[in-house]
Each structure stands twice: as C-alpha cells, then as structure tokens.
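Below is one structure; the comments refer to it alone.
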Amino acid sequence: MEAVNPEIRIDAYIRNVANALDQIEKEGIKNEVIEIARAYLKDSIYYLSRGDQFTALATIAYAEGLLDALRLLGMAHFNWSRTDDLIKRAQNKVFVAGTFEIIHPGHIAYLRRAWTLGRVVAVIARDSTVKKIKGRDVVIPENQRLEVISNIVYVHKARLGYEGDMFRVVEEERPNIILLGPNQPFNENSLREELKKEGFG
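In terms of this note's numbering, the sequence shown is residues 209 to 409.
Structure below.
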C-alpha cells in the first residue's frame, strides 16, 4: 500500500476505536472503563480536529488499551476493523450543507453521521441564500455560523457557500459523498440528476 499521511492514519485509528465502542454499545454493556474509553475517544477526535496529532494518538491509544483489556477479561466482545478499510473511509470527503443557524442535537447527529463516512466538509449557507430559501432574515450572521461549525470536532473543514450557484462549491471540493440533512429543500433524485449534468457521478 502507498504511504498514507499520518493524520489519515490517526483518523483511521480513531474510527476503529469508535467502531469497537459502537459494537459494545449494541451489546448493552456499560461500565466505568467503557465510559473512560469513550472520553478518551472524544478527546482524541477533539485533538485531531485541532491539528494536535501527537495528543490525538496518545489518547486514542489509551482508549484502545482499555477496550483490549476488557476483551481479554471477557467483559466485552467486539472486532477491530481492517485498517485498509478505515484508511479508505478516512480519505473520503463527505460534503454536508445547511444554514446551521441555531445548533441543536439534530445538527450534531447529522455531523457525527457524516463523520462516520469520512472527513467532513461543511458548507454554511450565505445570509442571502437563507433569506431566499426561508423567506426571512437570519438570526445569526453567516460568519458567526461559520465560526460555530468550524469548532465542532466532527467537521474537518467549514466554509461559506456561494450566492446563486450551489454547484460551484461542490466542484471546488470534489466530495466522494454528499449527505443531505432530513429537512433540506431538495429532492434527492432531482439533485442527483443535476449533479450528473454538472459532471459529477
């Protein structure tokens, strides 16, 4: 396999621990050690999102060690994922877009789901676009919404969209995956056709 940049490798390592914790959660196993491992996972995602690869690697290694100990003691059952598969996933660019005006749990669930598919590029709608689509002025200005989304750990990159041309930002970012939120004003099939006309997919 060709050399993979260290940030992608650490990202894949983090995703492996997240997958293991998801498997454990599905079994309904709960204990203090699992909660500590989950806290280390959150720390690791945070540090990697801030560019601190060393601390991200250290904290995810702690989490992995705790989970391996539980497995060896027969207190948890899970399988580690194949590293190659996780590296491919960590190399995916996942495009999400929205107003992200008043952040609520649905936004966090949407961004976390996008993160499970790859590295998230979040596009924040311009104030003028929001007014056109929603028929009202924004409560939170675009630069403030951009700042908030930029600081959510599941988001690798946040940027403003363009006024009047929603495909320009898609063309610039060239995502592997476009993930629509549940209340986006698009018909999925129509959007897919438009993207094909624009040369995507």
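Just so you know, even glycine gets a beta-carbon here, dropped at the ideal spot from N, CA and C.
Secondary structure at residue 365: strand, using DSSP grouped into helix, strand and coil.
Residue 225 places its beta carbon less than 9 Å from that of residue 271.
In this structure, the beta-carbon distance from residue 348 to residue 381 does not fall below 9 Å.
Annotation for residue 342: the continuous alpha helix (DSSP H) segment containing it runs 335-342. Contact fails between the stretch 316-323 and the stretch 293-301, because fewer than three Cβ pairs, one in each stretch, are under 8 Å apart.
In the structure shown, residue 306 falls within a strand segment according to DSSP collapsed to helix, strand and coil. In the DSSP assignment, residue 376 falls outside any beta strand (DSSP E) and within the unbroken alpha helix (DSSP H) covering 374-381.
Rounded to the nearest angstrom, the Cβ distance from residue 282 to residue 334 is 55 Å, too far for a contact under 8 Å. Residue 329 sits in a strand when the DSSP states are folded into three classes. Bridge pairing for residue 222: absent [DSSP].
Looking at the backbone, the Cα of residue 247 and that of residue 401 are separated by about 42 Å. With 16 or more other Cβ atoms inside 10 Å of its own Cβ, residue 303 counts as buried.
Straight through space, the alpha carbons of residue 362 and residue 316 are spaced by roughly 8 Å.
Residue 348 carries a coil assignment under DSSP once its states are collapsed to helix, strand and coil.
Around the Cβ of residue 286, a 10 Å sphere holds 16 or more other Cβ atoms; the residue is buried. For residue 251, the uninterrupted alpha helix (DSSP H) run begins and ends at 240-257, by DSSP.
In the structure shown, the three-state DSSP call for residue 385 is strand.
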